[in-house]
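The structure appears right after this line, and notes come after that.
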Amino acid sequence: AGVSYEFLKWFAKYDNMFARACKKPGLLLQKLTTREPEDDMLEVAIAAFNEVMALDSDPTRPTQKFEFFTTPERIVKKMELTLGDKEEAEFIAMFVSGAKNRTELYDGRRITKDQQDRAYAYAARCQKGAPIQYVLGTACFYGYDFVCDQRALIPRQDTERLAEEAIKVVKEKENAEVLDICTGSGIVAITIAKETTASVSASDISADALRLAELNASRLGVDVTFKQGSFFTPHRGKKFDVITTNPPYIPGGEIAELDKKVKDYEPRLALDGGPDGLDAYRDICKQAGDHLKEDGVLLLEVGIGQASKVAEMLTDYDVNIVFDYNNPPIERVVIARKKSNPKEEE
43 AGVSYEFLKW FAKYDNMFAR ACKKPGLLLQ KLTTREPEDD MLEVAIAAFN EVMALDSDPT
103 RPTQKFEFFT TPERIVKKME LTLGDKEEAE FIAMFVSGAK NRTELYDGRR ITKDQQDRAY
163 AYAARCQKGA PIQYVLGTAC FYGYDFVCDQ RALIPRQDTE RLAEEAIKVV KEKENAEVLD
223 ICTGSGIVAI TIAKETTASV SASDISADAL RLAELNASRL GVDVTFKQGS FFTPHRGKKF
283 DVITTNPPYI PGGEIAELDK KVKDYEPRLA LDGGPDGLDA YRDICKQAGD HLKEDGVLLL
343 EVGIGQASKV AEMLTDYDVN IVFDYNNPPI ERVVIARKKS NPKEEE
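Under the working numbering, the sequence shown has 292 at position 250, and the numbering climbs by one with no breaks.
The structure is reproduced here in structure tokens:
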């Protein structure tokens, strides 16, 4: 060992033809087995070297720990290879790093080893098919962050159109009383409560969904009255200025054909609208009049091709159909204003 050490010292000290010839096989092997160090590796190596030098001069110096950092670009690239989706990879990177947007993510931010491990664990779950909102436990709706899990449907951008139109209607009325039925995670009811001064109530048949909605209301600092029950059952004898709903509207026979992330993870109770997808609308449209004040307004989110069929159920209302922001746009919200004297209008 001593002789080998002396040889290594000599080869390191001298640079001549003989030394280079002796070193060449080792250098070639090194190229095959060792890759060029990356910037973050160099940072750790330099810091470690400086610490060793400091320990040489002061053996009593406390042991230091070095945290390994990497860049957002690197972990996004690695997750994109796993997920096949750069946007999803960036969303995970923003979540673990605390970045609010892509600009902030790539603005010189460094990712810790713990953040990397979390990001790769999230990506692995997404690769197996789990929706990213359920994996991260959060979803953005109307600019607010909601807790999101399998107790309720994942908030969707299409439903923002329902919330947007409802907020407009609520702001037309003084001291408005609002009811949101089939509330799920509470996104529409809570958004209306955040954006207006209305008194808001909400209900759902699922006790689990209501607990999630109550959690979201508490986290977002709004006062919403939640009750469990089917449609208007928890609100007997009560009338409202505005009623909103995003009921189950997928035809039962089509659920098996939905994307795996939907059919395998989201609650069937919140998806299945019966044989033609319209069961919930029939009940809601039939009962809504008994729970709306004079000049009250009912707003319903509908599925593709359902708007005209739902409108036909609302003979005692002045009906308007609103498109969403898809390209091409889809009839997404049915707005029904209660007629003052429906019998006379006939």
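Virtual Cβ for every residue (Gly too), placed ideally from N, Cα, C.
Values in this document were obtained by computation on a predicted structure and should not be read as measured data.
In three-state terms, what does DSSP make of residue i?
i       : result
Asn-362 : strand
Thr-180 : strand
Thr-238 : coil
Glu-336 : strand
Glu-343 : strand
Glu-296 : helix
Pro-104 : coil
Ala-231 : helix
Gln-192 : coil
Pro-276 : helix
In the DSSP assignment, the alpha helix (DSSP H) including residue i goes from what residue to what residue?
i       : result
Ile-117 : 114-125
Ala-353 : 349-354
Gln-270 : Taken as a continuous stretch (DSSP letters only), Gln-270 belongs to no alpha helix (DSSP H), being part of the beta strand (DSSP E) at 266-270.
Thr-145 : 144-147
Ile-326 : 321-330
Thr-201 : 199-213
Leu-257 : 249-261
Asp-159 : 155-169
Lys-303 : 302-305
Could you check the C-alpha separation between residue i and residue j for me, to the nearest Å?
i       : j       : result
Ile-377 : Val-361 : 6 Å
Gly-414 : Ala-141 : An answer regarding residue 414 cannot be provided, because it is not within the stretch 43 to 388 covered by the chain.
Gln-199 : Gly-279 : 33 Å
Gly-171 : Leu-125 : 10 Å
Phe-218 : Val-212 : According to the sequence shown, residue 218 is Ala rather than Phe. For Ala-218 and Val-212, the distance between alpha carbons rounds to 6 Å.
Asp-441 : Leu-356 : Summary: the structure shown does not reach residue 441, with the chain confined to residues 43 through 388, and so no result is reported for it.
Ile-234 : Glu-122 : 36 Å
Gly-315 : Leu-340 : 19 Å
Phe-268 : Asp-321 : 23 Å
Gly-150 : Phe-133 : 17 Å
Asp-156 : Phe-188 : 24 Å
Val-344 : Asp-366 : 11 Å
Thr-37  : Glu-130 : Because the chain in this structure spans residues 43 to 388, residue 37 falls outside the shown range and cannot be described.
Glu-206 : Thr-286 : 11 Å
Arg-193 : Asn-369 : 30 Å
Glu-388 : Asp-358 : Because Glu-388 carries a pLDDT of 49, less than 50, the predicted location of this residue cannot be relied on, and the following value inherits that uncertainty. The alpha-carbon atoms of Glu-388 and Asp-358 are separated by roughly 9 Å.
Ser-241 : Ala-231 : 10 Å
Thr-112 : Ile-153 : 5 Å
Val-118 : Lys-302 : 24 Å
Ala-298 : Asn-288 : 21 Å
Phe-282 : Tyr-162 : 48 Å
By the DSSP assignment, the beta strand (DSSP E) with residue i in it spans what residues?
i       : result
Leu-221 : 219-223
Phe-133 : Counting along the chain, Phe-133 falls outside any beta strand (DSSP E), though it belongs to the alpha helix (DSSP H) covering 128-139.
Tyr-367 : Tyr-367 -> no beta strand (DSSP E), and no H or E assigned at all.
Phe-188 : 186-189
Would you grab the beta carbon distance between residue i and residue j for me? Rounded to a whole angstrom, and I think it's under 8 Å.
i       : j       : result
Asp-325 : Phe-273 : 6 Å
Gln-169 : Ile-196 : At roughly 18 Å, the Cβ-Cβ gap does not stay under 8 Å, so Gln-169 and Ile-196 are not in contact.
Val-284 : Gly-338 : 7 Å
Leu-254 : Asp-191 : 7 Å
Give me the DSSP bridge partner(s) of residue i.
i       : result
Ser-243 : Leu-221 and Thr-267
Thr-287 : Ile-223 and Leu-342
Ala-378 : Leu-340 and Val-361
Asp-314 : Ile-292
Glu-373 : Phe-365
Phe-282 : Leu-334
Phe-111 : Thr-154
Counting contacts by CB-CB distance shorter than 8 Å, is residue i in contact with chain C?
i       : result
Val-212 : Judged by its chain identifiers, the structure shown contains no chain C, having just a single protein chain.
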